[in-house]
Every structure is written in structure tokens, then in C-alpha cells.
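> Residue numbers (the numbering used here): 11 to 160.
Just so you know, even glycine gets a beta-carbon here, dropped at the ideal spot from N, CA and C.
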């Protein structure tokens, strides 16, 4: 009989964690990659996924019928439930993508090259989430200069 530690311990076979501050589409891709490499049975992956969600989402998803979680389509069902939760406001994910970009100021300990690479990654993430350029060129240059703390 497997213990909780063996079943969900530091095996390296846990899905990536998700919080409401993260980009859902990026996390969804990470979960698909996890599914490719995991040894967890497909019918148990949905339950495993719920266990790594932020508390609000975990509470929401645990209200799903167990048959929808403990099946081969469990991960897809959980993903749909999360997407539904995130889209209740309609613009929540877009707001979070912009907030991740806007709130990223360069710490003094970070090199300018590292900051630019991370800013570019966040900008592309916001662009992908929103479906268009978040800023015109002038506004982008201004935001970049303001946030890089030169």
C-alpha cells in the first residue's frame, strides 16, 4: 500500500503548480508537457492537478462531480473548469497579463540584459493573451524606460 508521501511526495511526477497570478495559457502548456512525461495514470491526472492549484481554484474545482475528475478526460475537464472560472469576469486574464508586465520593475541586482529579456517575455505573453499589441511604440518605450530603473 502506497503512503501519501509515495503517492504525492517528492517524486518529480507532480504537475506544475498554478496560482491566479500566473498566465493560464502558459501553465496549460506546461501541464500538457507534464502529461507527456508523467507516469501517473491518465484517470488520476485530474485529481493530481487539482491538488496543486491555489486554494481558491482548488475549492472551486473540488465541487466538480468526481466522475469528471477521475476519468481519462480529467485533466481536460479540470482545465475547462479553471478556464470558466477565470473568464467569469471576461477580462480577468488580460488584466493579469498586463499587471505582470506593468509590475515588473528592474531590481538593482539584475543586469539590464536580463531585465530586457524578461520584459520581452512578459510583453509577448501579454500580447498573446490580449490578442494585440498592449502598447503603441511610444508608450512601450516610455514604459520600458520607466520600469528599467536607469
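Restricting to Cα atoms, I'd like to know which of 125, 31, 27, 74 is closest to residue 103.
Taking only the C-alpha atoms, the option nearest residue 103 is 31.
> With a CB to CB cut of under 6 Å and the five nearest residues on each side skipped, what residues in its chain are close to residue 79?
The residues are 56, 57.
> Using beta-carbon positions only, say whether residue 36 and residue 64 come within less than 8 Å of one another.
No. Outside cutoff.
> Specify, as a first and last residue, the run of the alpha helix (DSSP H) that residue 34 falls within.
Here the alpha helix (DSSP H) through residue 34 covers 34–47.
> Could you have a look at residue 30 and say whether DSSP puts it in helix, strand or coil?
Coil.
> Let me check you understand the geometry: is the CB of residue 117 closer than 7 Å to at least one non-hydrogen atom of the ligand SAM?
This structure does not include the ligand SAM; it has no bound ligands of any sort.
> Sort 96, 136, 93, 94 by Cα distance to residue 114 and report the nearest one.
Measuring from the Cα of residue 114, the nearest candidate turns out to be 136.
> Can you tell me whether residue 63 is helix, strand or coil according to DSSP?
Residue state, collapsed to three classes: strand.
> In terms of alpha-carbon separation, which member of 94, 45, 148, 160 lies closest to residue 122?
When only C-alpha atoms are compared, the closest one is 160.
> Classify residue 53: buried if its beta carbon has 16 or more other beta carbons within 10 angstroms, exposed otherwise.
With fewer than 16 Cβ atoms within 10 Å of its Cβ, residue 53 is classed as exposed.
> Measure the alpha-carbon distance for residue 152 versus residue 139 and round it to whole angstroms.
Answer to the nearest angstrom: the Cα atoms are 21 Å apart.
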